[in-house]
Structures are given as structure tokens and as C-alpha cells.
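Asker: Residue numbers (our numbering): 57 to 184.
Don't be surprised by glycine CBs; every beta carbon is placed ideally from N, CA and C.
The model shown is predicted, which means the values in this text are computed figures rather than measured ones.
#1: For residue 97, tell me which candidate among 63, 69, 65 and 137 has the shortest Cα-Cα distance.
#2: Taking the C-alpha atoms as reference points, what is the distance between residue 137 and residue 128?
#3: Could you tell me the distance, in whole angstroms, from the CA atom of residue 133 to the CA atom of residue 95?
#4: Just to confirm before moving on: does the CB-CB distance between residue 83 and residue 91 stay below 7 Å?
#5: Count the other C-beta atoms from every protein chain shown that fall within 10 angstroms of the C-beta of residue 88, then say buried if there are 16 or more, exposed otherwise.
#6: For the alpha helix (DSSP H) that contains residue 66, what are its first and last residues?
#7: Is it buried or exposed, residue 76, if we count other Cβ atoms within 10 angstroms and call 16 or more buried?
As C-alpha cells, this is what we get:
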């Protein structure tokens, strides 16, 4: 979970812990909010800092991509894929939203919305 000590993250982490799920929480600083997660138990805490440049990201990316071979050719292939994806335009999500909403438009995604509850109820039965 990223931003586990932000505004929404702690509530989500606690809800997952209440249901017995293990949580890996990523926080920017090891402060009081992070301590609350740590004291709760069942949380693997990760800290880190932002990379200093895009070059750092490009060099680390190939080592984390599944199927990438180590070595110069694997790194070159991964960097090529990364640089092609960066200038790509954002996808048109309207088509995908229509597919998942059965043609209905959701007016609000507020948690108190009946539409939100109907589409996000964890107890509802999925079609088989």
C-alpha cells in the first residue's frame, strides 16, 4: 500500500488488518502516523526516498520488470519500452467505464451513494 500514512491509507490499512490480511505499508517518513501502523502489528513497513532523476528510474526499472533478462540487451529492451510509454497519450477511459457500468452512468463515487454500494459491496455474488 502506497501512502499508508496519508489521508485514506491508514483507514484502509486498519480495515485490511481487521479482516486478517497482511499489509505492506509504504510511508515517506517514520513519524507518528507510521508508528501507529507499526504498533498495530501485522504491518511490514517500507521507507525510502524519491529518486533524484529519471535516469535512476530508467536504470532500476529493468531489474523489476518480469521476464527481463539481466545484461545489456535486457536493459536496452526495457529502456526502449519505458521511453515509448512515456510520451504516449492517455487512454480514452470512457469506453472501459461503459463496459463495467452496464451502460449506467455513476453520478457520484461518494461512499454514501447507493450506486457506489451496489457496485462495491464485497458481499454481493459475482456472476459465474
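Answerer: Well, looking at it:
#1: 69
#2: About 14 Å.
#3: 43 Å
#4: no
#5: With fewer than 16 other Cβ atoms within 10 Å, it is exposed.
#6: Start and end: 65 to 74.
#7: Result: exposed.
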